[in-house]
Amino acid sequence: MAISSNGHAASRTNGNGKLRGYSAWSLFQHGVSDAQWPRAWRGHDLADTYDVIIIGGGVHGLATAYYLAVNHGITNVAVLEKSYIGGGGSGRNTAILRSNYLTPEGVRFYDRSVKLYEHLAADLNFNVMFSQRGHMTLAHNDSSLRTMRWRAEVNKLQDVDSDVIDPGEVKKLVPHMDVSPYARYPILGALYHPPGGIVRHDAVVWGYARGADAHGVHIHQKTTVTGIDVDAGKVTGVQTDQGRVSAPVVVNCTAGWSTLISDMAGVEMPVQTFPLQAAVTEPVKPFLDTVVVSGTLHVYVSQTDRGELVFGASVDPFASYSIRGSLEFTEGLGGHVLELMPALSKMRLLRQWAGLCDMTPDYSPIMGPTGVEGFYVDVGWGTYGFKAGPVSGEAMADCIAHGRPPEIISAFGIERFAAGRLVGEKGAAAVGH
Ligand code: PYC
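When the count follows our numbering, it moves up by one through the sequence shown with no breaks and lands on 532 for the last residue.
Here it is as structure tokens:
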């Protein structure tokens, strides 16, 4: 690739808007020089009008903008983010990807997301470090074993690789696991899902932002939406702390604040917001190359490429907008992890944090048009949001471009609550809630 005289990579895009990569030489030059790194996406003044305004600069909002531009040629798009991109749920989740859900609608949907993640690095020309290391959900009692068998059958019918394995196979995959019958919660088996794994969540956000920017999308960080304008049942634009912007289409892609944003358009969402806490240890040599989840013990764990163990639990037991960590969480987490892997007793936790989860009554998202013309929602992700980023972006872009939801999200419309057509996914939650 060409290097300009000041040592910058010459260009991020070729003439067709296709992203270029950086050569090893240009990275080296930047590393040893005091040259400024080129910006991965540009800053812009807020325009007076856009064709589409997306509220929320996480993976859902950015992926929707990217696929609007790439798949439908809709490029006069603004993404409005009140903080910095990826600063909400996208940067706070534990980056687990999987498609071993319970309902056929859920399995099909998340499987499409895993497929998109599989070639995302190539599509965005940005390494998102997707490691398909396998995903294991442990069963410690007969009823969870029965749910695992049920899920495995639904998964197989949708062509998703997923099966129930016995404690001996669990031990082969994770030698540090206590699979003895004397454990306090003996392991009776597990749902094993080889295509599942982990991804670098920041890279996914940056990759989509860079890709959307290269196709002309405006990304506005530190821009807070304070109101949504609706006239005669149609959305006409948004009010922000930087001024008013008009648009015939406004999309709510927020997490944690999805009800507050929808309320601005007069659309009520059956959503309650709960904090979800997570923690990370000091780095150690690689020893865990599978994602391990125990619903009964309320814990999931994976090891990052840097060697840290990333732990999460179920949502806090009360609705709140707080993102403070608690000692109660750390104590519970430590105890439960040691039930599974006693050898970890000497490891030190480095950090803990929390994100916000918008829970719906059936643990499935709310996607598509609403009663206000031009106002779309992609919300209610509970604890599943990050893994759905690519498929949600693709489907929401299709929905906006054609004015109706594509088949893959038709089950997730807001009208299902009034019609009693719930898509119950509680049984596929990583941990009990
Ligand atoms: O559903 O896989 C999951 C998950 C992991 C962390 C939170 N939810």
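Virtual Cβ for every residue (Gly too), placed ideally from N, Cα, C. Here the structure is a predicted model, which is why all the values come from computation and not from measurement.
Buried or exposed by the 16-neighbour rule on C-beta atoms within 10 Å, applied to Trp136 = Position 37 of the sequence shown holds residue 136. Exposed is the call here.
request  = Name the two residues that bound the continuous beta strand (DSSP E) containing Ile264.
outcome  = Counting from 1 along the sequence shown, the entry for residue 264 is found at position 165. Run containing Ile264: 262-264, per the beta strand (DSSP E) assignment.
request  = On a CA-only basis, which of Asp330, Arg343, Val379 is nearest Val63? Give me that one, please.
outcome  = Given that the chain is displayed from residue 100 to residue 532, the structure contains no residue 63 and the question cannot be resolved.
key: Rounded straight-line distance, which links the Cα of Ala134 to that of Thr459   = Here residue 459 is taken as the residue at index 360 of the sequence shown, counted from 1. Here residue 134 is taken as the residue at index 35 of the sequence shown, counted from 1. If you take the alpha carbons of Thr459 and Ala134, they lie about 48 Å apart.
key: Per-residue DSSP class, three states only, for Asp477   = For the purposes of this step, residue 477 is taken as residue 378 along the sequence shown, with counting starting at 1. Asp477: strand per DSSP, three-state reduction.
ask   = Who pairs with Phe373 in a beta bridge, going by DSSP?
value = Counting from one through the sequence shown, the residue named residue 373 turns up at place 274. According to DSSP, which records beta bridges pairwise, Phe373 is partnered with Cys456.
query = Is the number of C-beta pairs between the segment 280-296 and the segment 196-213 that are closer than 8 Å three or more?
reply = yes
request  = Look up Glu367 in the DSSP assignment and say whether it is helix, strand or coil.
outcome  = Sequence index remark: in the sequence shown, residue 367 carries index 268 (1-based). In this structure, Glu367 counts as coil in the three-state DSSP scheme.
key: Nearest candidate by alpha-carbon position, reference Cys456, set Pro441, Pro416, Tyr165, Asp404   = The residue given as residue 456 occupies position 357 in the sequence shown. The candidate whose alpha carbon is nearest that of Cys456 is Pro416.
query = What beta strand (DSSP E) runs, 3 residues minimum, are completely inside the segment 383-412?
reply = 390-393, 398-402
task = Check the C-beta distance from Glu438 over to Tyr284 and give it rounded, since I have them as a contact under 8 Å.
result = Counting from 1 along the sequence shown, the entry for residue 438 is found at position 339. Counting from 1 along the sequence shown, the entry for residue 284 is found at position 185. That pair is a contact at about 6 Å.
task = Examine the ligand PYC and report whether any of its heavy atoms sits within less than 6 Å of the Cβ of Tyr291.
result = Locating residue 291 in the sequence shown gives position 192, where the first residue counts as 1. The answer is no for Tyr291.
ask   = Ordered along the chain, which non-local residues of its own chain (more than five positions away) have a Cβ less than 7 Å from that of Val370?
value = Here residue 370 refers to the residue found at position 271 when the sequence shown is read from its first residue. Counting only Cβ-Cβ distances below 7 Å, and skipping sequence neighbours, we find Ser357, Thr358, Asp457, Met458, Thr459, Val478, Gly479.
inquiry  = Quick check on Ile360: does DSSP put it in helix, strand or coil?
reply    = What you label residue 360 is simply residue 261 of the sequence shown in a count that begins at 1. Three-state DSSP puts Ile360 in a helix.
ask   = DSSP state of Tyr291, grouped into three classes?
value = As a working mapping, residue 291 is identified with position 192 in the sequence shown. Here Tyr291 sits in strand by DSSP.
inquiry  = Tell me which residue opens and which closes the beta strand (DSSP E) that Thr163 is part of.
reply    = In the sequence shown, residue 163 corresponds to position 64, counting from 1. Careful: Thr163 lies outside any beta strand (DSSP E), inside the alpha helix (DSSP H) at 158-171.
request  = Report the rounded CA-to-CA distance for Arg515 versus Lys270, giving the unit in angstroms.
outcome  = Counting from 1 along the sequence shown, the entry for residue 515 is found at position 416. Counting from 1 along the sequence shown, the entry for residue 270 is found at position 171. Going from the Cα of Arg515 to the Cα of Lys270 covers about 42 Å.
ask   = Cα separation between Asp388 and Ala168?
value = On the sequence shown, residue 388 is found 289 positions in, with the first residue counted as 1. On the sequence shown, residue 168 is found 69 positions in, with the first residue counted as 1. Roughly 36 Å between the two C-alpha positions.
Sequence-distant residues of the same chain with beta carbon closer than 8 Å to Ser104, five excluded per side = The sequence position of residue 104 within the sequence shown is 5, counting from 1. The predicted model places Ser104 with a pLDDT of 32, which falls under 50 and marks its position as unreliable; any figure quoted below should be read in that light. Cβ within range, chain order: n/a, list empty.
Same chain, Cβ closer than 6 Å to Phe225, five either side skipped, listed in chain order = The sequence position of residue 225 within the sequence shown is 126, counting from 1. Result list for Phe225: Gly306, in chain order.
query = In terms of DSSP beta bridges, what is Ile465 paired with?
reply = Translated into positions along the sequence shown, residue 465 becomes position 366. Answer is Val478.
ask   = Does the count of Cβ pairs from the segment 516-527 and the segment 458-477 closer than 8 Å reach three?
value = yes
ask   = On the three-state DSSP scale, how would you describe Gly296?
value = In the sequence shown, the residue the question calls residue 296 occupies position 197. Gly296 falls in the strand class under three-state DSSP.
ask   = Does the Cβ-Cβ distance between Val304 and Ile152 come in under 7 Å?
value = What you label residue 304 is simply residue 205 of the sequence shown in a count that begins at 1. What you label residue 152 is simply residue 53 of the sequence shown in a count that begins at 1. No, the Cβ-Cβ distance between Val304 and Ile152 is not below 7 Å.
request  = Take the Cβ of Val329 as the centre, count every other Cβ of all protein chains shown within 10 Å, and call the residue buried at 16 or more, exposed below.
outcome  = Translated into positions along the sequence shown, residue 329 becomes position 230. With 16 or more other Cβ atoms within 10 Å, it is buried.
query = Thinking C-alpha only, which one of Leu145, Ile264, Pro266, His275 is nearest Ile441?
reply = Within the sequence shown, residue 441 is the residue found at index 342, counting from 1. Checking the sequence shown, residue 441 turns out to be Pro, not Ile. Pro441 has its Cα closest to that of His275, out of Leu145, Ile264, Pro266, His275.
task = Determine, using beta carbons only, whether Asp210 and Val259 come nearer to each other than 7 Å.
result = What you label residue 210 is simply residue 111 of the sequence shown in a count that begins at 1. What you label residue 259 is simply residue 160 of the sequence shown in a count that begins at 1. Cβ distance < 7 Å, so Asp210 and Val259 count as in contact.
inquiry  = So, at 6 Å on beta carbons, what are the nonlocal neighbours of Ala510 in its own chain, with the 5 sequence-adjacent residues on each side left out?
reply    = On the sequence shown, position 411 is the one that residue 510 refers to. For Ala510, where only same-chain residues beyond five positions count, the Cβ hits under 6 Å are Glu204, Val522.
query = What does Ser345 pair with, by DSSP beta-bridge criteria?
reply = Locating residue 345 in the sequence shown gives position 246, where the first residue counts as 1. The partner list for Ser345 (beta bridge, DSSP) reads Thr148, Gly336.
ask   = Is Thr459 near the ligand PYC, going by C-beta to nearest heavy atom under 6 Å?
value = Looking up residue 459 in the sequence shown gives position 360. No, the Cβ of Thr459 stays beyond 6 Å of every heavy atom of the ligand PYC.
inquiry  = Rounded to the nearest angstrom, what separates Ile499 and Gly187 at their Cα positions?
reply    = The sequence position of residue 499 within the sequence shown is 400, counting from 1. The sequence position of residue 187 within the sequence shown is 88, counting from 1. Spanning the two alpha carbons is a distance of roughly 24 Å.
inquiry  = Does Gln128 come out as helix, strand or coil in the three-state DSSP assignment?
reply    = Walking along the sequence shown from the start, residue 128 turns up at place 29. Helix, per DSSP.
query = Gln188 lies in the alpha helix (DSSP H); which residues open and close that run?
reply = Walking along the sequence shown from the start, residue 188 turns up at place 89. According to the sequence shown, residue 188 is Gly rather than Gln. Its alpha helix (DSSP H) spans residues 188-191.
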